[in-house]
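Novice:
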Amino acid sequence: MTSTTMAGGSGIEGHDVGANFQRSSPPSVVDGVRTSEFDSLVHAQGTWRDDELHMAPVSGLMTAEILAHDPRPELRLARLSFEILGTLHYGPLTVTTRTVRPGRTIELVESTLVAQGRAVLVARAWRLVTSDTADVAVTNDPALTPVHQSRPFPAMEQRWPGGYIKSLEMRVAPDHAPGHGRCWSTTAVDMIAGEPTSDLVRLMGMADTSNGVAPVLDAGPGGYGFPNVDLQIHLYRDPVGPWLGYATTSNMGSDGIGLTSAVLHDERGPFGRSEQIQTVRKVPSLDA
């Protein structure tokens, strides 16, 4: 299989191998640090620029690497924090993962993504010990209209360009509105070519989409850019299945900073929440 390549900055060309990324070499572990190298594929292409990666599949890739690092079945991933440090360049990538704070019942793992020789994304994950609390479990987040009662959502691909968005199947609920997103997404694309994609990795690999499902601003020339500089995810239940549901709320300050908040769902109901802080900037019109 041949990796996709950039074509003069006008888009991405190459063979579709049905994945977001593929390994360029086997992973290695030295002194407790896991190192993996990848090539970017077309389904990871971003929306703001065609020579950048979309944060969603990159988040899924780093989630996969965190799960593969020194796995401990008695601990569950409970919080993921992604800090975007620079441009997520399309092309070769290196991911290094290490344990920052080891512990018997609580553990902190850190993963760093390097592109073009620079650290561009840092993820930190809390892994917590699990126990049986079924008799006191409660969910106060409201349910989302089920997938089978939602309709196709072609407006998403019409609004946003890029290989990642094109890889999604999306459905929208009747109460979906700007600033009040109510929709679902799934993808048949694997995270890493030739490797099985777990439900958690698949869903975390779409969570960043929350920022674009129901924007309150028009994007692009003459409108605004509102990219998020982080992604924070808290998981009070381990999600299952191929569909990710979004119940989003958008808030916009008066000084160029906005926030997208979401309750995340699988087909069983709510399982967690996400937050994304935005830098909001006017985009000049094409005739300016």
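Counting in full-length UniProt numbering, the sequence shown runs from 1 upward without gaps. Virtual Cβ for every residue (Gly too), placed ideally from N, Cα, C. Computed from a predicted structure; not experimentally measured.
When the Cα of G18 is compared with those of Y236, V280, S285, S167, which residue comes out closest?
Specialist: Closest option to G18, Cα to Cα, is S167.
Novice: Rounded to a whole number of angstroms, what is the C-alpha to C-alpha distance between N228 and S59?
Specialist: So the two alpha carbons sit approximately 13 Å from each other.
Novice: Helix or strand or just coil, what does DSSP make of M1?
Specialist: No answer about M1 holds up, because its pLDDT of 25 lies below 50 and its placement is not dependable.
Novice: The alpha helix (DSSP H) that contains N211, what's its start and end?
Specialist: Its alpha helix (DSSP H) spans residues 210-213.
Novice: Give me the Cα-Cα distance between W48 and P27, rounded to the nearest whole angstrom.
Specialist: About 31 Å.
Novice: So what does residue 290 bridge to, in DSSP terms?
Specialist: With the chain covering 1 to 288 only, the question about residue 290 has no answer from this structure.
Novice: Under DSSP, the beta strand (DSSP E) around Y246 begins and ends at which residues?
Specialist: That run of the beta strand (DSSP E) goes 244-252.
Novice: Any chance you could list the alpha helix (DSSP H) runs of at least 4 consecutive residues sitting entirely within the segment 134-162, in chain order?
Specialist: List check, alpha helix (DSSP H) in window: 155-159.
Novice: Closest to F271 by CA distance: which of Y236, T260, R281, S285 is it?
Specialist: For the residues Y236, T260, R281, S285, the minimum Cα distance to F271 belongs to Y236.
Novice: Can you tell me whether Y164 is helix, strand or coil according to DSSP?
Specialist: Here Y164 sits in helix by DSSP.
Novice: Residues in its own chain within less than 6 Å of S25 by CB, not counting five upstream and five downstream?
Specialist: Result list for S25: E37, in chain order.
Novice: What number of angstroms, rounded off, separates the C-alpha of Y90 from the C-alpha of V263?
Specialist: Distance between the alpha carbons of Y90 and V263 is about 29 Å.
Novice: Near M170, what residues of its chain come up, given a Cβ to Cβ distance below 7 Å and the 5 sequence neighbours on each side ignored?
Specialist: Once the five neighbours on either side are set aside, the close Cβ partners of M170 are F153, M156, C183, W184, S185.
Novice: Sort P102, D39, T63 by Cα distance to L53 and report the nearest one.
Specialist: Answer by Cα proximity: D39.
Novice: Quick check on T112: does DSSP put it in helix, strand or coil?
Specialist: Three-state DSSP puts T112 in a strand.
Novice: Excluding the 5 residues preceding and the 5 following L80 in the sequence, name in chain order all residues of the same chain whose CB lies nearer than 7 Å to its CB.
Specialist: Counting only Cβ-Cβ distances below 7 Å, and skipping sequence neighbours, we find T63, A123, A125, M204, I233.
Novice: To which residues of the same chain is K282 closer than 7 Å at the C-beta, ignoring the five residues directly before and after it?
Specialist: Correct list, in chain order: Y224.
Novice: If you draw a straight line from the alpha carbon of V95 to that of T112, how long is it in whole angstroms?
Specialist: If you take the alpha carbons of V95 and T112, they lie about 6 Å apart.
Novice: Let me know if E65 comes out buried or exposed under the rule of 16 or more other beta-carbons within 10 Å of its beta-carbon.
Specialist: So E65 ends up on the buried side.
Novice: Give me the DSSP bridge partner(s) of I106.
Specialist: Answer is L128, bridged to I106.
Novice: Which value, in whole angstroms, describes the spacing of the CA atoms of L41 and H176?
Specialist: Rounded to the nearest angstrom, the two C-alpha atoms are 31 Å apart.
Novice: Sorted by chain position, which residues of the same chain lie with C-beta nearer than 7 Å to W160's C-beta, five sequence neighbours on each side aside?
Specialist: Cβ within range, chain order: T47, G212.
Novice: Does DSSP put L121 in a helix, a strand or coil?
Specialist: Three-state DSSP puts L121 in a strand.
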